[in-house]
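Written out below as structure tokens is the structure these notes cover.
Chains as they are written, first to last, in the numbering used here: chain A, 1 to 381; chain B, 1 to 163.
This is the structure in structure tokens:
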């Protein structure tokens, strides 16, 4: 008899685990399967972390995170039209991952329905399940460029949901949503009294236009928690630092769980994050410009090969459709051409028939990888 | 310079072997436009040439590099320009600049051996009448040149797959 809880037993292994093991055995893999920046955190942020350690700042911070960091976040997010107070409406967490888990546990009662717009980052469903929620998948479609629409919510029967999780700019598709698209989703949420969890960790990586947040739609601020963090924009994935912003009672509920499970987000990372907000805007612009060039390069190459690929305008992913089954395609591409991509189905409904291609790679590597994909496609045609 | 041409130039500085198509893809331009920009940059004397960034230490029969500081004394008939024209012609001199600070010119000199470098400096440079002093620094190790780091390049410790 298993010693594991039913919860652990029914949690499936990550869909990319198997691929990771195959790739481990190979030595010339160009990986476009990476979900993190290829840059290091900007030097001032790294130095701030080193300085904090040097000064012996190794104790806990307040549960909600350093006050000066929360104030810097309050000021920073006004660029997206957000107004959240440092005192009661911002919680600093160990990555967006922790914040998402806290929000689910603070908002979901057993049996509550959590609608997840898919394809999506892989943790939303499990987070909802851990909290006792029932997951309702809301597939988005290639013909909508993977934007969430009123119709998609209706088709999936999301009116019976209590919560809606969405992520734009989107991992894995690279899709973004503008104010008019978000207005539709907001309308649905208000009509059916859904609370929204909006993961905006890729907000700073929006190309061609500005990032829009659903929380700035009329009547949405009081029914939305916004998630953001330092991992993607500032290339600080390993420092594990994110934050949640929302109505005071929800942030308070999340903090009550946070104080028992995490106590406070990593102190060293908070020092780096504060410096990042204060002095690293230029570095972010520079990284974004580089991603943008690579994005154009990859899109142009895929179109040349005849892979259908919509114009992804966010994050650092493109999501081409591939011939045949996406999982078989990804495995053959890895074994034969030694290029790693992630099958779209790993990210839920709507992802089948596509693969996620990350362009968080240097241009020479992207050139090599796209050449290999081109040859692979030619051989299999 | 127009913004588009500047971006083409930035990419050439990143990697001069980018093809016109590589550049065009990244900047969303037509390859012909990229070629036109490059030609204009060359014609205007902005782009002066293309060369390889070499780690000479990686060659068995490597090359010796030295930085040479040069002080000169000018008179009514001779200016920096006159001296520079003479010195720039030596093939051993790979870079040559007038600089501010403690000395006048900074030279980079390359030759097959240390001996050849010092012979070149003492026999070709030092005897020039205006030259009052030379200080030669041999390069012992290069860590970075023209923006390219001379490490093993194995700095990516990311997992091959991550969500």
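Even for Gly, the Cβ is constructed at its ideal location relative to N, Cα and C. A quick note: this is a predicted structure, and the numbers were derived from the prediction, not measured.
Check, Outcome
"Between residue 226 of chain A and residue 82 of chain A, how many whole angstroms is the CB-CB distance? I'm expecting something under 8 Å.", "7 Å"
"Quick check on DSSP: helix, strand or coil for residue 150 of chain A?", "helix"
"List the residues of chain B that residue 36 of chain A touches, going by C-beta distances under 8 Å, in chain order.", "158 and 162"
"Let me know if residue 13 of chain B comes out buried or exposed under the rule of 16 or more other beta-carbons within 10 Å of its beta-carbon.", "exposed"
"Cα-Cα, which of A:263, A:229, A:238 and A:234 is closest to residue 388 of chain A?", "This structure does not reach residue 388 of chain A, given that chain A is present from 1 up to 381, and the question cannot be answered."
"Counting only Cβ pairs nearer than 8 Å, list the residues of chain A close to residue 25 of chain B.", "296, 297, 300 and 301"
"Do residue 181 of chain A and residue 147 of chain A have their beta-carbon atoms positioned less than 8 Å apart in this structure?", "yes"
"Return helix, strand or coil for residue 71 of chain B, following the three-state DSSP convention.", "strand"
"Can you name the start and end residues of the beta strand (DSSP E) that residue 199 of chain A belongs to?", "195-199"
"Identify whether residue 102 of chain A lies in helix, strand or coil by the three-state DSSP scheme.", "helix"
"Just tell me which of A:189, A:298, A:130 and A:200 has its CA closest to the CA of residue 159 of chain A.", "A:189"
"Figure out for me which residue from A:121, A:37 and A:48 has the closest Cα to the Cα of residue 163 of chain B.", "A:121"
"Can you name, in chain order, every residue of its own chain whose Cβ lies under 8 Å from the Cβ of residue 38 of chain B, other than the five neighbours on each side?", "8, 12, 20 and 47"
"Alpha carbon to alpha carbon, how far is residue 9 of chain A from residue 2 of chain A? Give it in angstroms, no decimals.", "8 Å"
"Assuming residue 85 of chain A contacts residue 74 of chain A under a Cβ cut-off of 8 Å, what Cβ separation, rounded to an integer in Å, is found between them?", "6 Å"
"Between which residues of its own chain and residue 133 of chain A is the CB-CB distance below 6 Å, once the five residues before and five after are set aside?", "108, 112 and 114"
"Short of 9 Å Cβ to Cβ, which residues in the region 22-51 of chain B face chain A?", "22, 24, 25, 26, 27 and 28"
"Skipping 5 residues on each side, what residues in its chain have a beta carbon closer than 8 Å to that of residue 361 of chain A?", "30, 31, 32, 34, 38, 294 and 369"
"State the CB to CB distance for the pair residue 174 of chain A and residue 306 of chain A, rounded to an integer number of angstroms; the pair is presumed to be in contact (CB under 8 Å).", "So it is not a contact: roughly 19 Å between Cβ atoms."
"Which of helix, strand or coil does DSSP assign to residue 43 of chain B?", "helix"
"Run through the DSSP bridge pairs and tell me what residue 137 of chain A is partnered with.", "A:116"
"Using CA coordinates, which residue listed in A:328, A:204 and A:319 is at the minimum distance from residue 380 of chain A?", "A:328"
"Have a look at B:6, B:44, B:66 and B:76 and flag the residue whose alpha-carbon is nearest the alpha-carbon of residue 112 of chain B.", "B:66"
"Is residue 342 of chain A close to chain B? Criterion is C-beta to C-beta, closer than 8 Å.", "yes"
"Could you tell me the alpha carbon to alpha carbon distance between residue 137 of chain B and residue 68 of chain B, rounded to whole angstroms?", "6 Å"
"Under a Cβ-count criterion, where at least 16 other Cβ atoms within 10 Å of its own Cβ denotes burial, should residue 50 of chain A be classed as buried or exposed?", "exposed"
"Could you check whether the region 190-206 of chain A touches the region 163-171 of chain A, counting it as contact only if at least three pairs of C-beta atoms, one from each stretch, sit closer than 8 Å?", "yes"
"Report yes if the C-beta distance between residue 344 of chain A and residue 355 of chain A is below 8 Å; otherwise report no.", "yes"
"Relative to the C-alpha of residue 16 of chain B, which candidate in B:29, B:40 and B:53 has its C-alpha closest?", "B:53"
"Taking only beta-carbon atoms, is residue 29 of chain A less than 8 Å away from chain B?", "yes"
"Quick one: measure Cβ to Cβ for residue 136 of chain A and residue 156 of chain A, integer angstroms, because I've assumed they're closer than 8 Å.", "6 Å"
"Restricting to Cα atoms, I'd like to know which of A:324, A:125, A:376 and A:363 is closest to residue 18 of chain B.", "A:363"
"Roughly how many whole angstroms lie between the Cα atoms of residue 172 of chain A and residue 119 of chain A?", "7 Å"
"Span of the alpha helix (DSSP H) holding residue 354 of chain A?", "It is not in any alpha helix (DSSP H) - residue 354 of chain A carries neither H nor E in the DSSP assignment."
"How about residue 271 of chain A and residue 48 of chain A: do their beta carbons lie closer than 8 Å?", "yes"
"Take residue 357 of chain A and list the residues in its own chain whose beta-carbon comes closer than 6 Å to its own, dropping the five residues that flank it on each side.", "32, 318 and 341"
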